[in-house]
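Comments concern the structure below.
There are 2 protein chains.
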Amino acid sequence: MDAEIISVGTELVLGQVTNTNIPLLARTLSTLDIKAPHQVTVMDDQEQIVTAIDNARQRASLIFVCGGLGPTTDDVTLKSTAAALGTGLKTDDQHWEWIKGTFKARRIEMLPENIQQARYLAGGTPLANPVGLALGSWYEQDGLVVVVLPGPPAEFRAMLEESVQPRLVEKYGTGRRIASRTLNFWGRPESQLMDEIEAATEQFQDMTVTSYVQPSQIQVRINVYDLPTAQANDLLDQVTAAILAVERPYFFGVGDKCTLVAEVVEQLRARRQTITGAESLTGGLFQSTICSVPGASNVFNGGFVTYAAGAKEKLLGIEPEVIAKHGVVSSQTAAQMAEKSRELLDADFALSFTGVAGPDDLEGHPAGTVWLGLAHRGQPTKTKELHLAAYLGRQAVRNLSVQYGLQMVFQALQG
Amino acid sequence: MDAEIISVGTELVLGQVTNTNIPLLARTLSTLDIKAPHQVTVMDDQEQIVTAIDNARQRASLIFVCGGLGPTTDDVTLKSTAAALGTGLKTDDQHWEWIKGTFKARRIEMLPENIQQARYLAGGTPLANPVGLALGSWYEQDGLVVVVLPGPPAEFRAMLEESVQPRLVEKYGTGRRIASRTLNFWGRPESQLMDEIEAATEQFQDMTVTSYVQPSQIQVRINVYDLPTAQANDLLDQVTAAILAVERPYFFGVGDKCTLVAEVVEQLRARRQTITGAESLTGGLFQSTICSVPGASNVFNGGFVTYAAGAKEKLLGIEPEVIAKHGVVSSQTAAQMAEKSRELLDADFALSFTGVAGPDDLEGHPAGTVWLGLAHRGQPTKTKELHLAAYLGRQAVRNLSVQYGLQMVFQALQG
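Going down the list, the sequences are from chains A and B.
Using full-length UniProt numbering, you'd call the opening residue of the first sequence number 1 and step up by one each time.
Using full-length UniProt numbering, you'd call the opening residue of the second sequence number 1 and step up by one each time.
In structure tokens:
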């Protein structure tokens, strides 16, 4: 079954606002195996809205019309939708009383136009708005379902979760059974990873593998169709095993919400170990990334940003001769930064970053050259050289450095 | 003249990614008085792309097809667009040599499929990609212009600014003459700012003021229409003065690319002064933000991440009695963090952050409570308390803290 999403709003068409409602709705639909292969954005204009609904009816049996439910004359979504469907509008008297009471309680003058926000599509059902004034509408007609939702993201989300999703599950949840599992990878170009996974999984039936690249990971989703739960899980296990037989070195965890940094923090926490950092080109980004995980305080006490050579000597006690002899962009400097910071904070691990974020070269090294150092209590210090794509820009070089550094810690935690 | 924007990407249709390219392109078009009243998103699917282009031709004479230019078999945008237009693909040999050289320099194996990224629409012009591999295309046919652009936001933005916008200005810029100026603000709710600006500028004619909210600033754009250059500039100056008469405390710079951190770094550089940081809840994010500006090494040598109370004492020498008496979330602790870090690195300024990122409370303070400290050589230390909207999440609290901290430094630099 296909759905179509029509977003209404001149501010969306003019690019004054980024539309975050679409991804939220599309993700909700995808959990029910409903695709919205066509998504359209139009202005607050009756003719455009009516045409968009007419076109959508040719392609889809579930249509969402989102935005333009305010009280001003700009807001024509509801009456336009009614016109397209050949129906009228109805006022929800109870909601209208509630709106009037709300304005009174907040001591704000109400406009007569606010009654528009108590209206819904006649012949349909009003949808409650838990965080705003305007009602939504759920309307069915000859196998077509039309859902009208408000535009403000908080209202959109609340109405979607509380009113729309349960209705969708009730109406469409009997369709195809999908079981899925998301595997997360880092450190392999997407095209290469997917070519190898395709080859490794070609013997399997009734399943698909898709990839989704994020700045900090590649998510690979295995979908298995129309199998009883036990068999579905068994097939997911088999496909996972076939993929990991080839891609284990780049794998770091299972789940849509899994991130490399959360895995590292969780594994450190489970071992009651701590980590610190000494950062040059990344300027604090590694430590900030660690702190982005709730509960980071269990594994991280603090660390150093040593951007200039002088700060490396002053804060960490790096020997000036090491820098003079090998340069700051070197295995030796990376190793000393990691070792000294680990000792100063008495941490189990310390990760260091030194290199060239760009745009300019440094010490004859091109932008994108980065040395990572990993000190580990009671183990020899490891270093690793990266050659990152400097054309992606300074910020990308720093972000990628952090992710490769986290991968180095993750791999040490597996050892 | 109407344009139409077709976004291609299964990840967009499934809601895995928020489309930030559309607002950027729509804003660029609006400066040329070109509207894109219809915006469509389709999957990586030849039939859907061809149909979308066919439909767009009925409505628009300028069509953008965005995304799906990667090297994998999923990426069918270019050949689908060629099919819709009845043309073929051509390889740019020089660009293909560059791609091969890039892979070689990075010591990564290239796939034969990468040649796709050196192709463009035959009969059209290739568009250079300053930050990625895939070429874009500019194609004209019987009064129709079709522009093919890559999906990754950094590539999209760079190609739009460097290749597409100049061509659009050349081709469509003969219409209305628009002069514009962008003013950047921080620390004021958008609705309040815009209400006040509207009141302050109501006496002016032949101009509009629009706003665009980003996580780190509100951009206010003044557009002036159909005036000779000198008069246009004069009107822009008058409107700017009227706005700043009211909003000066929240203003930090002029220009579309102006950011608060870049202004702070530039002003420090001009005064040959330096800054450092001592960060608790932000975990290195402030220092990392400073380092995101090219040339940051002129004003920043290094600093401290002191997440745990113990690290505040050990790395900075904060007196344990101060923390014991006032808590870590206090004006006193913030002041000491700033002062000690400034002294340790002999910097002109030091900014400190201590507070509650959430989700949990700390020392009885709710999430979103943050103390900033600013130490300034030869001046009394200042502190400031923030009460940020914790429901926005841990990461937003940390990002907002950094921006308010930068505003505090910026204001000290004006004094």
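Quick reminder that beta carbons are idealized off the backbone N, C-alpha and C, glycines included.
Flagged as an interface residue toward chain A: residue 308 of chain B, by a C-beta distance shorter than 8 Å. Distances from the CA of residue 414 of chain B to each of B/52, B/117, B/270 were compared; the closest alpha carbon is that of B/270.
Think of a sphere of 9 Å around the beta carbon of residue 159 of chain A: no beta carbon from chain B falls inside it, the nearest being about 17 Å out. Not a single C-beta of chain B is nearer than 8 Å to the C-beta of residue 137 of chain A. Remark: C-beta atoms of residue 224 of chain B and residue 237 of chain B do not approach each other more closely than 8 Å. If you compare the alpha carbons of B/285, B/404, B/161 with that of residue 29 of chain B, the shortest gap goes to B/161. Neighbours of residue 212 of chain A in chain B, taken as residues whose beta carbon is under 7 Å from its own, are 11, 16 in chain order.
DSSP lists A/350 as the beta-bridge partner residues of residue 375 of chain A.
In terms of Cβ geometry, residue 383 of chain B and residue 311 of chain B do not form a close pair [threshold 8 Å].
A straight-line Cα-Cα distance of about 40 Å links residue 359 of chain A and residue 272 of chain A. For the 8 Å CB-CB criterion, residue 37 of chain A and residue 48 of chain B form a contact. Any Cβ of chain A closer than 8 Å to the Cβ of residue 66 of chain B would place that residue at the interface, and such an atom is absent. Bridge pairing for residue 120 of chain A: A/90 [DSSP]. Residues of the same chain with a CB within less than 6 Å of the CB of residue 274 of chain B, apart from the 5 flanking positions on each side, are 299, 347, 348 in chain order. Taken in chain order, the complete beta strand (DSSP E) segments of 3 residues or longer contained in the segment 291-359 of chain B are 302-306, 349-355. Against chain B, the beta carbon of residue 121 of chain A has no neighbour under 7 Å; the closest one sits roughly 24 Å away. Chain order gives the chain B residues near residue 282 of chain A as 288, 291, where near means a beta carbon separation below 8 Å. A Cβ of chain B is located within less than 8 Å of the beta carbon of residue 302 of chain A. Contact between the segment 6-25 of chain B and the segment 153-160 of chain B is present: 3 or more CB-CB pairs across the two stretches fall below 8 Å. As summarised for the segment 18-67 of chain A, the continuous alpha helix (DSSP H) elements at least 4 residues long and confined to that stretch are 21-30, 46-59, given in chain order. Residue burial annotation: residue 222 of chain A is buried, with at least 16 other C-beta atoms found within 10 angstroms of its C-beta.
Proximity of chain B to residue 24 of chain A at the Cβ level (cut-off 7 Å) is accounted for by 15, in chain order. Not a single CB atom of chain B sits nearer than 8 Å to the CB of residue 126 of chain A.
Counting only Cβ-Cβ distances below 7 Å, residue 43 of chain A has contacts in chain B at 37, in chain order. Here residue 229 of chain B carries a helix assignment [DSSP, helix/strand/coil].
Listed along the chain, the chain A residues whose CB falls inside 8 Å of the CB of residue 108 of chain B are 189. Between the segment 119-131 of chain B and the segment 146-154 of chain B, the count of Cβ pairs shorter than 8 Å is three or higher; the stretches touch. Under the 8 Å criterion on CB atoms, residue 77 of chain B is classed as non-interfacial with respect to chain A. When the five nearest sequence neighbours on each side are left out, the beta carbons in the same chain lying within less than 6 Å of the beta carbon of residue 181 of chain A are those of 222, 236, in order along the chain. Residues of chain A with a Cβ closer than 9 Å to the Cβ of residue 297 of chain B are, in chain order, 307, 308. In the structure shown, the three-state DSSP call for residue 237 of chain A is helix. For residue 184 of chain B, the nearest beta carbon of chain A is not closer than 8 Å to its own beta carbon. Separation of residue 239 of chain A and residue 246 of chain A (C-alpha to C-alpha, rounded to the nearest whole angstrom) is 11 Å. Here the C-alpha atom of residue 295 of chain A lies approximately 23 Å from the C-alpha atom of residue 401 of chain A. DSSP places residue 256 of chain A outside any alpha helix (DSSP H), giving it a letter other than H or E.
Against chain B, the CB of residue 19 of chain A has a partner CB under 8 Å away; the residue lies at that interface.
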